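Worksheet for the structure shown next.
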Amino acid sequence: MVRNSLLWAQNCTTHHPPPPFQPKGPTHLATNLIKSYFEQGLIKEARVLFDEMPERDVVVWTAMIAGYAACNHHSRAWLMFLEMMREGNEYPNEFTMSSVLKACKGMNSLSCGVLVHGLAIKCGVVGSVYVDNALLDLYATCAVSMDDACKVFRDIGTKNSVSWTTLIAGYAHRGDGYRGLQAFKQMLLEEGEANAFSFSIGIKACASIGSHTCGKQIHGAVIKHGYESNIPVMNSILDMYCRCSCLCEAKQCFHGMTERDLITWNTLIAGYEKSNSNESLYIFSKMEREGFSPNCFTLSSVVAACANLAVLSCGQQLHGGIVRRGFDGDLALANALIDMYAKCGNIEHSHKVGAHIEWVYGVLDVLVKHMKEAGYVPDLDCLIHDLEDGT
1347 MVRNSLLWAQ
1357 NCTTHHPPPP
1367 FQPKGPTHLA
1377 TNLIKSYFEQ
1387 GLIKEARVLF
1397 DEMPERDVVV
1407 WTAMIAGYAA
1417 CNHHSRAWLM
1427 FLEMMREGNE
1437 YPNEFTMSSV
1447 LKACKGMNSL
1457 SCGVLVHGLA
1467 IKCGVVGSVY
1477 VDNALLDLYA
1487 TCAVSMDDAC
1497 KVFRDIGTKN
1507 SVSWTTLIAG
1517 YAHRGDGYRG
1527 LQAFKQMLLE
1537 EGEANAFSFS
1547 IGIKACASIG
1557 SHTCGKQIHG
1567 AVIKHGYESN
1577 IPVMNSILDM
1587 YCRCSCLCEA
1597 KQCFHGMTER
1607 DLITWNTLIA
1617 GYEKSNSNES
1627 LYIFSKMERE
1637 GFSPNCFTLS
1647 SVVAACANLA
1657 VLSCGQQLHG
1667 GIVRRGFDGD
1677 LALANALIDM
1687 YAKCGNIEHS
1697 HKVGAHIEWV
1707 YGVLDVLVKH
1717 MKEAGYVPDL
1727 DCLIHDLEDG
1737 T
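Using the numbering used here, read the sequence shown as starting at 1347 and increasing by one per residue.
Below you can see the structure in the form of structure tokens.
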């Protein structure tokens, strides 16, 4: 894929290497205002101001592209880049390229990213740490394999923590924890240290392969480097212990945290859900007493714990809370509720839950499974007819 983009760049005749940037006028105030608009989520206002500008330099074009990408309007960022190239008055710089590559990743469009890669080569901005890391992130996330990402990584002259972390995250994203751990260890050998985000990614690699030993070693390194008060890092460690079924160590880690967020609670609740559902429910009640409001993920785990215990009254109370919070349209929660009612022997109610969710066909197989287990022979034609009628 990288080779193809190089060939594309060599054959490119519509663009030429950019000349040295020459300021065209006092556009910096408007550019700063555009950035401010995007930071506040005022996307339309940013576009109106941009359209009213009599002159636009590469900085303001880049501000628009980066702003759209940062607001997850990746398609708009891509269209803005194409508009810039069509006008042909400004050449993209390293910041333009890194921003549009982020948009390509956000669109999950490897083909667009390859075109930008070729143009980046033609414009002479490959070699910039911003462009190189953005290319690495694109290939690590969107390519079929890690081969192109590894080639980009090898070609990076000066690798920084972002380069290493992006590579490790790419392996973790694909479930290849072994290579992710190898890259993490290599980073420590070459760089001598890791930042908080690198530790989080390294721990996730351990969790993905269930390597408690490596995870515990990284936990020790986290403490040594003074990151034990970093909530995202500690949440990753907590998740690792839960995934490795080391719940005693998970609980010790949890109680040792000076600060916790909802992810912390969710991780421990989900960790205990399968092996000790009573404890999972106790942690949930404690979470609420400490003033945390559950989200859909929390409630899915707790409903699953009720299903494991076959405690219908508890599940019904949770169902009422789900409806009051407006979460009754969530697919994962609907699946969990159907499963809970079925395991508690209330097949009729599980049918009703399935009948009143928008994504009913996604949970139909769960409902049919439990009906068969309960000795029913469901008439799928009648069932689907009833569901479509809302009866």
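Every residue gets a Cβ at the ideal spot worked out from N, C-alpha and C, and that includes glycine.
Source: prediction; values computed, not measured.
Among Gly-1691, Leu-1465 and Cys-1652, which has the Cα closest to the Cα of Ala-1682? Cys-1652
Do you know offhand how far Pro-1438's Cα is from Ala-1415's? 16 Å
Could you tell me the distance, in whole angstroms, from the CA atom of Phe-1638 to the CA atom of Ile-1609? 11 Å
I'd like to confirm the pairing. Which residues does DSSP put opposite Val-1490 in its beta bridges? Val-1490 pairs with nothing; no bridge assigned.
Indicate the three-state DSSP secondary structure (helix, strand or coil) for Val-1472 in the structure shown. strand
Find out if the Cβ-Cβ distance for the pair Ala-1486, Ala-1449 is shorter than 8 Å. no
Counted within 10 angstroms of its Cβ, other Cβ atoms place Arg-1589 as buried (16 or more) or exposed: buried
Sort Ala-1480, Phe-1545 and Gly-1473 by Cα distance to Val-1446 and report the nearest one. Ala-1480
Return the CA-CA distance between Tyr-1383 and Gly-1413, expressed in angstroms with no decimal places. 9 Å
Going by the beta-carbon positions, is the gap between Gly-1521 and Ser-1554 smaller than 8 Å? yes
C-beta contact flag for Tyr-1587 and Glu-1574 at 8 Å: no
Quick check: what's the CA-CA separation for Thr-1559 versus Arg-1635? 34 Å
For Met-1430, which option in Met-1603, His-1419, Met-1410 and Met-1533 has the closest C-alpha, if you only look at C-alpha atoms? Met-1410
Can you tell me whether Asp-1607 sits near the ligand FAD, meaning its C-beta is under 7 Å from at least one heavy atom of the ligand? Within the structure as shown, the ligand FAD is missing, as the structure has no ligands at all.
Exposure label - His-1601; buried when at least 16 CB within 10 Å: exposed
Ala-1376 to Pro-1400, Cα distance in whole Å? 11 Å
Go through its chain and collect everything with a Cβ distance to Ile-1564's Cβ below 6 Å, but skip five positions before and after it. Gly-1548 and Ile-1549
Pick out the complete alpha helix (DSSP H) segments inside the stretch 1499-1540, 4 residues or longer, and give them in chain order. 1507-1519 and 1523-1537
If you check the beta carbons only, do Val-1648 and Phe-1630 fall under 8 Å apart? yes
Can you tell me whether DSSP reads Glu-1436 as helix, strand or coil? coil
Using a Cβ-Cβ cutoff of less than 7 Å, which residues in the same chain neighbour Met-1686 once the five nearest sequence positions on both sides are dropped? Val-1649, Cys-1652, Ala-1653 and Gly-1661
Could you tell me whether the stretch 1501-1511 touches the stretch 1455-1470, using the rule of 3 or more Cβ pairs below 8 Å? no
I think Thr-1373 touches Val-1394, with their Cβ atoms under 8 Å apart; what is that distance to the nearest whole Å? That belief does not hold up - the Cβ atoms of Thr-1373 and Val-1394 are roughly 16 Å apart, past 8 Å.
If I'm right that Asp-1483 touches Lys-1451 with Cβ under 8 Å, what's the distance once you round it to whole angstroms? 6 Å
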